[in-house]
Amino acid sequence: MIGRTATGESTQGYLPRVVLRRCAIVGLLITTGSGSSIGPACVGLAIVAGRSQSAQAAEPQKPARYEFAEVHMGAEIRLVLYSGDEATANRAARAAYEKIAALNKVLSDYDPQSELSSLSETAGSGRELPISDDLWIVLDRSQRLAAETDGAFDVTVGPLVKAWRSARRTKTFPSEERLAKARAAVGYRNVVLDRKTRTAKLLVPDMLLDLGGIGMGYAVDEALRVLREQGVSIAMVDASGDIACGDAPPDRDGWRIGIAPLSESKGPPSRYVTLKNAALTTSGDAFQFVEIGGKRYSHIVDPHTGLGLTTRMSVTVVAPDCTTADSLATAVSVLGPERGIKLVFATPGASVLIVRSEAEGVRTIKSANFVSEPAGP
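Pasting the structure below:
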């Protein structure tokens with residue numbers, strides 16, 4: 088999901104396929120007075136250079152840190168990885184970005200030529216459409232979660248999402264007629280997946296599938312998988328808050344990920360989590376919302392009511408993979424704290440942090456297994 092408030096590990100400016108810094112000592116971050124990181128420091132080089140050649144030869148060379156950034160699927164996607172050589176780093180990053188670009192042609196609801204759009208065009212026709220492995224995996228995972236949440240997570244919500252996108256542009260409330268028509272085309276039970284033939288059928292006319300609550304997480308997982316296939320296991324993929332982490336960086340327990348406060352999404356992180364071989368997604372309305380008649384409506388739509396959520400909140404989910412984290416964050420946002428925490432508790436390896444703005448002030452709720460550390464003074 089785009090517009091998240093989680094922040095990745097480094098904040099130095101980045102360019103696609105360009106090595107920003109390579110140091111004999113890597114993984115060290117300099118922190119400014121404001122608490123922001125300015126990237127890997129090259130301090131210690133003089134000390135290394137002053138050692139005897141025999142001492143340097145005896146020490147195994149640590150992999151260097153590389154950073155990349157490209158825009159895909161409507162978001163800047165950052166890769167931070169460690170590799171023994173520049174050629175491997177560049178090759179791995181290029182392969183990861185190529186996979187993401189290919190997935191956009193499958194999962195995008197903005198691209199009229201995407202595989203997802205082609206499937207939506209068959210809605211109500213009675214046609215069964217063969218679908219690719221990637222689309223099958225995402226739809227299958229989506230339908231399972233939809234059933235588990237009684238439709239709180241529902242990828243058929245596209246007609247409603249489209250109505251609220253228009254509302255954000257025009258600053259006007261969707262008409263009752265438009266919302267009623269959109270609601271008639273929403274319902275996860277109207278998606279039929281045939282496991283034997285690997286086909287999908289949409290039963291109701293005017294259905295529009297929207298994978299905004301799961302597609303980016305899947306793309307991040309696939310990018311990390313490709314990096315591993317290229318021989319890079321120490322890596323982080325950050326797609327505007329959908330974050331997947333591989334092995335821990337050298338001499339560290341894991342990747343330190345900052346979570347921005349609800350009141351100031353662009354401010355410094357209020358807390359940190361440390362991850363390795365795990366993923367994190369933060370879902371919220373910090374960037375995508377509309378105020379109509381003095382009321383704030385989120386871009387996250389409740390499939391049952393057809394309305395954008397009105398309680399300001401952020402939901403951070405940690406899970407074994409980003410597909411799970413992304414979809415759970417959306418589901419918990421719709422379900423609310425009590426049902427949402429139960430859902431996460433029932434998901435192996437998952438934990439959740441919910442921060443809500445309520446009449447009494449900001450309220451923080453978390454599952455017992457959510458581990459984080461507060462930001463320093």
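Each number in the numbering used here corresponds to the 1-based position in the sequence shown with 87 added.
Quick reminder that beta carbons are idealized off the backbone N, C-alpha and C, glycines included.
Can you tell me the Cβ-Cβ gap for residue i and residue j, rounded? I've got them flagged as a contact below 8 Å.
i: R228; j: I301; result: 7 Å
i: A162; j: A326; result: 5 Å
i: D196; j: L203; result: 6 Å
i: A272; j: P246; result: 5 Å
i: G304; j: T410; result: 5 Å
i: A365; j: P407; result: 6 Å
i: I469; j: V405; result: Because the chain spans 88 through 464 in this model, residue 469 falls outside it and cannot be assessed.
i: P356; j: A437; result: Actually they are not in contact, since the Cβ atoms of P356 and A437 sit about 21 Å apart, beyond 8 Å.
i: G211; j: P292; result: 3 Å
i: L226; j: A156; result: About 30 Å; that fails the 8 Å criterion.
For residue i, count neighbouring C-beta atoms within 10 Å of its own C-beta (all shown protein chains included) and say buried if the count is 16 or more, exposed if not.
i: G333; result: buried
i: G171; result: exposed
i: G448; result: exposed
i: A446; result: exposed
i: V279; result: exposed
i: V307; result: buried
i: Q523; result: Given that the chain is displayed from residue 88 to residue 464, the structure contains no residue 523 and the question cannot be resolved.
i: E185; result: exposed
i: S262; result: exposed
i: G393; result: buried
i: E425; result: exposed
i: V360; result: buried
i: Q143; result: Any reading at Q143 must be qualified, since the residue scores a pLDDT of 49, below 50, and its modelled position is unreliable; the value itself is stated next. The residue is exposed, with fewer than 16 neighbouring Cβ atoms inside 10 Å.
i: V130; result: Because V130 sits at a pLDDT of 27, beneath the cut-off of 50, its placement in the model cannot be relied upon, and the point is left open.
i: A180; result: buried
i: Q140; result: With a pLDDT of only 47 at Q140, under the threshold of 50, the placement of this residue in the model should not be trusted, and no figure is reported.
i: Q230; result: buried
i: T257; result: exposed
Nearest by alpha-carbon distance to residue i: which of the options is it?
i: A433; options: K249, Q230, T236 and V242; result: T236
i: L298; options: G448, I387 and I164; result: I387
i: R214; options: D221, L206 and D220; result: L206
i: I452; options: E316, A446, L415 and M400; result: M400
i: V458; options: S414, V439, S219 and T284; result: V439
i: L396; options: S414, G423 and K429; result: G423
i: H159; options: S385, S370, V324 and S219; result: V324
i: K363; options: R343, G371 and E378; result: R343
i: R285; options: Q148, V431, T257 and I224; result: I224
i: V244; options: E154, G274 and D329; result: G274
i: L289; options: E460, T417, G427 and L216; result: L216
i: R443; options: R152, R270, S212 and P348; result: P348
i: A182; options: S420, E309 and S370; result: E309
i: V167; options: K382, V319, S420 and K429; result: V319
i: R233; options: R282, R312, A418 and R256; result: A small fix is needed here, since residue 233 is Ala in this sequence, not Arg. Residue A418 is the option with its Cα nearest to A233.
i: D413; options: D338, F260 and F240; result: F240
i: Y169; options: F155, A156, A151 and F260; result: A151
i: R178; options: I379, D389, A250 and L314; result: L314
i: L194; options: G371, A416, G328 and L296; result: L296
i: D329; options: G371, P199 and R339; result: G371
i: G380; options: K429, V248, T259 and P199; result: T259
i: T398; options: L415, S420, A416 and H391; result: S420
i: L311; options: T257, K382, A176 and K149; result: A176
i: V242; options: L415, E378, E264 and R165; result: L415
i: D281; options: M294, H391, I218 and R339; result: I218
Give the DSSP bridge partners of residue i, in chain order.
i: H159; result: A162
i: I452; result: I441
i: W342; result: L362
i: R383; result: E378
i: V167; result: E154 and M323
i: P461; result: R358
i: V404; result: T368 and V439
i: V388; result: G395
Worksheet item: What are the complete beta strand (DSSP E) segments, minimum 3 residues, inside the region 262-335?
Response: 278-281, 286-289, 322-326 and 329-332
Worksheet item: If you scan the region 185-229 from start to end, which runs of the alpha helix (DSSP H) of 4 or more residues do you find wholly inside it?
Response: 202-207
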